[in-house]
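Everything on this sheet refers to the single structure shown next.
Chains as they are written, first to last, in the numbering used here: chain S, 1 to 603; chain D, 10001 to 11009.
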């Protein structure tokens, strides 16, 4: 590609043609401030914070959207630029609530940092700051339009990364808001509650519904037996809010911290990840034997399930009937574990620590109560857990490593890699291969399903069969592979994860979460796997014990009762209504079924 | 084809439809059929003539007679007279507003005469729903011609013509086509922007309504030139008639093989679709428009890439506006050289403007580039709709443009000149404003518009315009702060520099340009909490009071008169104006020009009412209400000059307990009131009544004392703690023409003074010529008449409507037989030992001066002599400051320098005001100057600075508002035959019944809510 040479702040810079001034300046060590810009994702030049002076241009130019040209002379810090930039940030601030100390993004807010960086000490404009209704309609997300600065990063991620388009700009001028079409609520919208919008929101306009108070209450209640499960992807991210570099494996410190918070037992979702492999692997084998329906598609990711129910209901029978590891865990805690420990399940409070916001929604789905109780009571995102640890004054970084509690704290490396895109596939292949062939894998790492590529397709020889598998992360990529399936392309097994990079990039992870950080967490996941003595699910002794003493066999009667579920076909725009008195969420709307009928049976 | 002896063209544009052209057309057809003429006469609906103000417009061919404002009830008479008897129906012709002469041929109507019609050449001439009529006017000839050319040649041709984008930005059209033609990518598209959205602009709508094929032909030529086979017209759904005509035209063109496959057998395929917009202003921005065409949210995106390389669906797209395409067929037909010969160096061809606002000829006008703004306003536009009002500014470019004030009326219309003034050509909005427009309010209006039309995408436009609007709203509420103007400028500049699209970048223009040209008006709002145009409702109680230079609370005293409480009415007037007997007779009553009652019937006779109350009160003699005088302060104030300013200052200062002495050079008090205004307007005995009220407060009077002669400046200063200089302007201004010193030349002010002071002047049998158009000229002329002159002629170099004299004075003079010779200027006084004649020259209208009036210049060789015996130049007065050489007061350009708000001079304790500071002005302005000086002097002497007694009356209705249309009550006047023989007062004034009836007409604008 052709190279363009230009002058930025008096220095010659050569970059490929088509590069923006902003990116070109970065190569010269100049960090032009931005607000709406998200590289490759939201390049719309709407906030105008990144304006620069380009000699001979009539007006200041937004550097994020202006391509470089040969001989261009750019000033990024001239008096005109500084004045305009400050005035724009002042304008944005004038229309933003002055609520920094009480904002969930306090001290981690890009607008706040920008005001600090530009030295804004007064806001000369009255601003309107007209109060708008916040949206509390979903179990996972809160949308606060008062704080929204209309940067549209959330819109971009929802549209381009997830292909959901649940939200977009509505209204004009000062009445512009970002929200679902027709002013509907988030619950009425096709939002899958993945929380990717939260990760890209520069301010506190989108955040997770906070469940820390409820968890604190349970922890302080001596009559309650409070257990917590920790998802695979949490261990490689929870150190970040405490200053540990991304990619730090903090499993032992996390266990220690949670124990110090007062959890009676600290367990590992890896355990039910292994169990999932047993169930789902068996399901795959069964379908391969019976000839379908194929491909089998994974079901761990609740955002993906919600997406499938709305956009691909015709593929519902292809999706594994296995509950997600979180929900399997929940069902077992209040049955198997309660029985084993002799605790009345009503006294058990089951908490999960998840990298995910959709898990908050998943645990409240009405069908997720096969134990006779809501199987998982509360879901904490990594951000919430970090806040609790901070509030309790626990010095996370200097904690000793501690081990999970037995028995549900025992998991394999296969369970750990569930946290990264391709991980479920690899874990399944490790097990299926050995079950089908009866041979031990020579090379346990399936490199061809690893990595950050949006779509990975591989053919894996399993005995006589060439198993064709696909791995997709992000729903936009899911759409690509699902359309290929609908167009008749044959696959045996497909893994779909809602979030970029898989759960390590989940909507409940620490902010910032960007590609660079995601890649470091993925490396850490595989490192954690390598460091474990146990790396295949079917070799997990506790899992084996569970089948022996409680479940019987994979896909057996008890498994079906506790570990499997069913899906709503075509429940597009089903509305989640919070029933205050019952403390649960209901789908409360007559919904259109995929087959053209309507019903309200979700109620 | 059938032949008819007569074609009756009925305008069926949206404007004329609104004034009833559809029922008119039906009635015409009906009547013609009833009279059995339907085989002879044909009624044809046409597009817009552009003369919308006088709609419905009808043209009868073959005679070419143009009728205005014809309604269905006129139809029988019209058919009878014109179509049967062959007589022109005089009463429905257009009449020249000045001469009242009727005009038969529309080409003789000034509105059409100065136009050059290219885009509008068929509008009003052809039936827009008939492709045959378009073809008959050489339609689609250009398309046929380009199909024999190479596409590059077509691009070259358009480039050569110099055509620039008529949407407003003025990008060279040929260049745009070339970029699109050369861009890689296929297919390519042609897009027509018909999303006309400027308030008051409707040229694109009218073009499509009146001549839709022209636009289609232009687009098809563009399609051929750039290699496109598909075109779209993006038009707002609020234009139903235009949409219908467009769809009809597309259908017809397809049927004739002028759209679709293999056009005219050339192998070129091109078709056009209509896309309706929902009416968002931002969709006129090309990238937003394209988003909307593609079914996306209509909001702009950053450029580059430009549409020429990446437009609709990412493909090369040429986008131009309606008017641009409409020019193309004619350019192709008549050649680029023909087009380029019109206009200015960089702006070729013509531009269509939509004349709106306070202009006489509302409508559409197409003028060659380079026509001046003034020509459009005054020649084509017919001047202001109310010629009594002063022209203030024109807004071009709608909400994205700016205003052009009076001093730039000579600016030629072209892209660069308008940009230089801080506005834009825009799509052709042309909104005329007069003195009743508040520029802060105007800026607020446009900002409100852009605020609500901002798409909300970029922060500067979304938030910045809101911040600017908030500031403007604050200012217009009277909550403006120091620094607001600077903040508006900074915000405006930031938005201009940083907004994403053209809408945002130009959104601050109306604010920036009104600040640029009318900053003072903003400052008045902010500092004085005053809206001079009486628009910002929070800043005044009633427009009359707000307009009165002395701030007299008109509605309160009028209401007291209505209640029969005349003495209290007088007392109320006296709070703000100590000369009510005088002002009730000679005030120029700016209050009446702003009276809201004028919108219902006529303005109130406020001056007459004041006179009634004042005359009533002074008739009570000792019982008339008096303001209380405060205890003596021991401070001494010397006032130099006993005119209205000096008298007023004396009154207020004496009330505060200061000891006041007036030094008057003349033998009488009153200044110009005594020696300038003739007896028949202001009898001396009435003037004396007001003076008595003031002297009764113990003011010491020294008449016949001239400073610098009878008393030295030093002496004056040493005797007083403070001095107010208010010596007026009593010296005649000379004309500077030969013979001015001949005997028989008597300057106006001198004549009036001589007469007032009782000097014998006899003009019996004399031919008198007065030069000038002001009140002194009228006074001199009417005085000369009364002194027995055989004839009195007023010579004035401009038109009668340009005369600065009060309209009623001019009319009274005319009634008294005074002859007016306008557009004539004296160049020499001739005579052998004495005046015998005045040599004059005929003047013709020239450029506009800074006040918005036309300059006049002599017509070469037009000199002629006017015989006369007495020549009275009355062209102005200057101040005689000879006695103040020692004072140290700064005197330049015939006036003393003083702060216009405080009247303070550079000398401590010395204040100056009235005509000697402002230059010759009105009585009421002198009164205000005296009042201001009194405030400052009072404060200087240690007082509060507050001199006006507190108001006594509550602002509430005493009776229901009377909205019945009754017209103004007129006071009695002495008949002309009697009055021209004597100096008795002409106006007799109201009797009690008339006064109360007139007072009851007040709408009480001051009582709000």
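Beta carbons: idealized from backbone N, C-alpha and C, even for Gly.
Buried versus exposed, by CB contacts within 10 Å (16 or more), residue i
i                       : result
residue 353 (chain S)   : buried
residue 597 (chain S)   : For residue 597 (chain S), the predicted model reports a pLDDT of 38, less than 50, meaning its position is unreliable; a value from the coordinates is still stated below. Answer is exposed; the Cβ neighbour count stays below 16.
residue 10444 (chain D) : buried
residue 304 (chain S)   : buried
residue 10457 (chain D) : buried
residue 220 (chain S)   : exposed
residue 10859 (chain D) : exposed
residue 10307 (chain D) : buried
residue 501 (chain S)   : buried
residue 79 (chain S)    : exposed
residue 10720 (chain D) : buried
residue 40 (chain S)    : exposed
residue 10867 (chain D) : exposed
Amino acids of chain S, ordered along the chain, whose beta-carbon sits closer than 9 Å to that of residue i
i                       : result
residue 10464 (chain D) : 87, 88, 91 and 125
residue 10487 (chain D) : 124 and 125
residue 10470 (chain D) : 125, 126, 127 and 128
Contact set between residue i and chain S, taken where Cβ atoms lie within less than 8 Å
i                       : result
residue 10539 (chain D) : Simply none; closest approach about 20 Å.
residue 10420 (chain D) : Per Cβ cutoff of 8 Å: no residues; residue 10420 (chain D) is ~15 Å from chain S at best.
Per-residue contacts from residue i into chain D (C-beta, under 8 Å)
i                    : result
residue 67 (chain S) : 10304
Rounded C-alpha distance that separates residue i from residue j
i                       : j                       : result
residue 10580 (chain D) : residue 10781 (chain D) : 26 Å
residue 109 (chain S)   : residue 380 (chain S)   : 21 Å
residue 461 (chain S)   : residue 423 (chain S)   : 18 Å
residue 10286 (chain D) : residue 10305 (chain D) : 12 Å
residue 10585 (chain D) : residue 10953 (chain D) : 25 Å
residue 10931 (chain D) : residue 10366 (chain D) : 52 Å
residue 47 (chain S)    : residue 95 (chain S)    : 13 Å
residue 10516 (chain D) : residue 10418 (chain D) : 14 Å
residue 322 (chain S)   : residue 218 (chain S)   : 29 Å
Proximal residues of chain D, C-beta to C-beta of residue i below 9 Å
i                    : result
residue 84 (chain S) : 10460, 10493, 10494, 10497 and 10498
Interface residues of chain S facing residue i [CB-CB closer than 7 Å]
i                       : result
residue 10375 (chain D) : Neighbours of residue 10375 (chain D) on chain S: none; closest Cβ ~31 Å, over 7 Å.
### Task
Taking a Cβ distance cut-off of 8 Å, strictly less, list which residues of the stretch 50-64 of chain S are near chain D, in chain order.
51, 59, 60 and 62
### Task
Name, going along the chain, the residues of the stretch 157-181 of chain S whose beta-carbon falls closer than 8 Å to a beta-carbon of chain D.
168, 169, 171, 172, 173, 174, 175 and 176
### Message
Give me the subset of the stretch 92-118 of chain S whose CB atoms are less than 8 Å from a CB atom of chain D, sorted by chain position.
### Response
92, 94 and 95
### Task
Check each residue of the stretch 10429-10463 of chain D: if its Cβ is closer than 8 Å to any Cβ of chain S, include it; give the result in chain order.
10451, 10452, 10453, 10454, 10455, 10456, 10457, 10458, 10459, 10460, 10462 and 10463
#### Entry: Touching by the beta-carbon criterion (3+ pairs, under 8 Å), the stretch 403-420 of chain S and the stretch 262-271 of chain S
yes
### Task
Below 8 Å between beta carbons is the criterion; list the residues of the stretch 10494-10515 of chain D that meet it against any residue of chain S, in chain order.
10494, 10496, 10497, 10498, 10499, 10500 and 10505
### Message
Beta carbons nearer than 8 Å to chain S: which residues of the stretch 10288-10318 of chain D have them?
### Response
10297, 10299, 10301, 10302 and 10304
### Message
Three Cβ pairs or more, each shorter than 8 Å: is that satisfied between the stretch 10323-10341 of chain D and the stretch 10154-10172 of chain D?
### Response
yes
### Contact between the stretch 222-238 of chain S and the stretch 162-181 of chain S (3+ Cβ pairs under 8 Å)
no
### Message
Against chain D, which members of the stretch 180-209 of chain S pass a CB distance test of less than 8 Å?
### Response
none
### Under 9 Å (Cβ pairs) to chain D, residues found in the stretch 480-503 of chain S
none
### Message
Below 8 Å, how does it come out for the stretch 196-205 of chain S and the stretch 503-512 of chain S: are there three or more Cβ pairs, yes or no?
### Response
yes
#### Entry: Short-range partners of chain D found in the stretch 19-47 of chain S, where Cβ spacing is below 8 Å
44, 45, 46 and 47
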